[in-house]
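Just so you know, our numbering puts the end of the sequence shown at 334, numbered straight through with nothing missing. Heads up, the beta-carbon is just placed ideally off N, CA and C, and yes, glycines get one too. Since the model is a prediction, treat every value here as computed from it, not as a measurement. The structure appears below as C-alpha cells.
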Amino acid sequence: MANPTSKFGKSRTRKRRANWKIKGPELIECEKCHALRRPHRVCLQCGYYDGRQVVSVKEKKKA
272 MANPTSKFGK SRTRKRRANW KIKGPELIEC EKCHALRRPH RVCLQCGYYD
322 GRQVVSVKEK KKA
C-alpha cells in the first residue's frame with residue numbers, strides 16, 4: 272500500500288503562513304515638540320516623557 276508523500280498539503284501550510292507579516296513601528300506624536308516617537312519611550316527630539324524632562328538633549332550644530 273502506498274504512503275502519502277507529505278502529512279499536510281501545500282495549500283494547508285501556505286494558508287497558515289499567509290499571515291506572517293511584519294508590521295512597522297507604531298508612532299505617536301510628542302505632546303511637547305509634536306515630533307513622532309515610539310509609545311512609552313522618551314522623545315529623542317526634546318527629551319520629555321510624561322510631561323517632564325527626563326533627558327537633556329544637546330542641540331545639533333549646523334554646518
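Hey, quick one: how far does the alpha helix (DSSP H) through Ser-277 stretch, first residue to last? Run containing Ser-277: none; DSSP gives neither H nor E here.
Determine the direct distance from the alpha carbon of Arg-283 to that of Thr-276, and round the result to whole angstroms. 15 Å
Contacting residues, own chain, Cβ-Cβ under 8 Å from Gln-324 (five flanking each side not counted): Cys-317, Gly-318
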